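The numbering of the sequence shown is UniProt numbering, which starts it at 1 and goes up by one. From the three backbone atoms N, C-alpha and C, an ideal C-beta is built for every residue, glycine too. Quick caveat, the model's predicted, so the values are computed rather than measured. Beneath this line is the structure, given in structure tokens, with notes to follow.
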Amino acid sequence: MEHPKAREFLKRDINNISRFFVKRGLTVENPIDVFNRITNEL
């Protein structure tokens with residue numbers, strides 16, 4: 001069974017990971033695009 005806030009948690013985690021790498025000078029994919037790709041593959 002899926003947790004009621006699973007999508008919210010996933011969005012938050014993707015944003016946090018993206019910020020982590022951006023702060024270190026890396027270019028990252030748009031977090032919304034990452035979220036959409038992951039959720040479309042499920």
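Cβ-Cβ distance between residue i and residue j below 9 Å
i: proline 31; j: serine 18; result: yes
i: valine 28; j: phenylalanine 21; result: yes
Extent of the continuous alpha helix (DSSP H) to which residue i belongs
i: asparagine 36; result: 31-41
Buried or exposed by the 16-neighbour rule on C-beta atoms within 10 Å, applied to residue i
i: isoleucine 38; result: exposed
Query - Contiguous alpha helix (DSSP H) assignments of at least 4 residues, all confined to the UniProt domain "RIO-type" (2-27) - result: 6-23
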